Amino acid sequence: MRFSRLISTIDTHTAGEPTRNIIGGLPHIPGKTISEKMLYMRDNLDWLRTMLMFEPRGNSVMSGAVITQPCDPRADVGVIYIEVGGYLPMCGHDTIGCATAM
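If you're matching positions, the sequence shown starts at 0 in numbering that gives the first Met the number 0 and goes up one per residue.
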């Protein structure tokens, strides 16, 4: 079987709340800050959010953490928070799920 795109994820649960951690297979997300990366993803790659969050792969309460390159040299990773309703500047349960997955 051949795939044209393979996206790697790890699903976690924090107190029953799901987090889909996207760990690989995404195109480069440019930006000097995480906010710029989030806006780029919103404006150019939103099909990825809807594909990963909506049915049949997701559900109405699905949220996610997109692991990306860090913008600060002191950081190990950058994270863009997504959910069915759009993009978030921060999410506590997604942060816990993301740290657990790493």
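All C-beta atoms in this analysis are idealised placements derived from N, C-alpha and C, irrespective of residue type, glycine included. Please read these numbers as outputs of a predicted model, since none were measured by experiment.
Query	Result
Segment limits, beta strand (DSSP E) that includes Asp45	Asp45 -> not in any beta strand (DSSP E); alpha helix (DSSP H) instead, spanning 45–52.
Collapsed DSSP secondary structure at Leu105 in the structure displayed	One cannot answer for residue 105 here, as it falls past the ends of the chain, which runs 0 to 101.
Beta-carbon contacts of Thr32 that lie in its chain and below 8 Å, excluding the five residues immediately before and after	Cys70
Coarse secondary structure for Ile158, derived from DSSP in three states	Nothing in the structure corresponds to residue 158, since the chain is present only between 0 and 101.
Residue from Asn20, Ala64, Thr94, His27 whose Cα sits closest to the Cα of Asn43	His27
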